[in-house]
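See below for the structure under consideration.
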Amino acid sequence: MSWKAYGDAGFAARISHCVNLAKYFEDKIIASDGIFTLSHPRNFVNVCFWWMPAALRPFNPAKATQQDLDTLDKVAPGIKSAMQQAGDAMIGFQPLNGLPNFFRIVFSNAATVTAAGLDALLNKIDGYGKSTTF
Numbered sequence: 003m004s005w006k007a008y009g010d011a012g013f014a015a016r017i018s019h020c021v022n023l024a025k026y027f028e029d030k031i032i033a034s035d036g037i038f039t040l041s042h043p044r045n046f047v048n049v050c051f052w053w054m055p056a057a058l059r060p061f062n063p064a065k066a067t068q069q070d071l072d073t074l075d076k077v078a079p080g081i082k083s084a085m086q087q088a089g090d091a092m093i094g095f096q097p098l099n100g101l102p103n104f105f106r107i108v109f110s111n112a113a114t115v116t117a118a119g120l121d122a123l124l125n126k127i128d129g130y131g132k133s134t135t136f
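Residue numbering for the sequence shown follows the numbering used here, starting at 3 and increasing by one per position.
Shown next, in the form of structure tokens:
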């Protein structure tokens, strides 16, 4: 039914919007001066990233100590818990291939998501990160 309602052009526009949002989000993370770090390169509409405690900046996973990795593993769960309790957002997190927990945001049904909303989300994550003990 959705295809009938949106048509080929409508679905193409929705997908392009999601890809553009993911690229925008990735670019903001890259330009954050180490506040955020990609855990993996963007894959289509998936963006995987860490918020970095100041003590771990700049972060290089290959040079991180086990203590650094253990600290970083607590960051995403701590920030998600704070955001969820405040009713701000629910962003998934997970570890993968020996890397500590990282946020994973997927732009799949983002018709109302805007660049300004993503900027606000990153600001909230940064604020919660700064006010949470890991």
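Think of the CB as a built atom: it goes at the ideal place given N, C-alpha and C, for glycine as much as any other residue.
Every value quoted in this text rests on a predicted model; they were computed, and no experiment measured them.
Proximity to T67 [Cα-Cα], best of G100, I32 and K30: On the sequence shown, position 65 is the one that residue 67 refers to. If we check each option's Cα against that of T67, G100 comes out closest.
Between the CA atoms of S4 and P43 - distance to the nearest angstrom: Numbered from its first residue, the sequence shown carries residue 43 at position 41. Numbered from its first residue, the sequence shown carries residue 4 at position 2. Near 31 Å, if we compare the C-alpha coordinates of S4 and P43.
Contacting residues, own chain, Cβ-Cβ under 8 Å from L120 (five flanking each side not counted): Counting from one through the sequence shown, the residue named residue 120 turns up at place 118. Closer than 8 Å at the Cβ level, and outside the excluded window around L120, lie L23, Y26, F27 and K30.
Exposed unless 16 or more other CB atoms sit within 10 angstroms - verdict on M92: Here residue 92 refers to the residue found at position 90 of the sequence shown. Exposed, since its Cβ has fewer than 16 Cβ neighbours within 10 Å.
Which listed residue (A88, M54 and K82) has its alpha carbon closest to that of D72: In the sequence shown, counting from the first residue as 1, residue 72 sits at position 70. Of the listed residues, the one whose Cα sits closest to D72 is M54.
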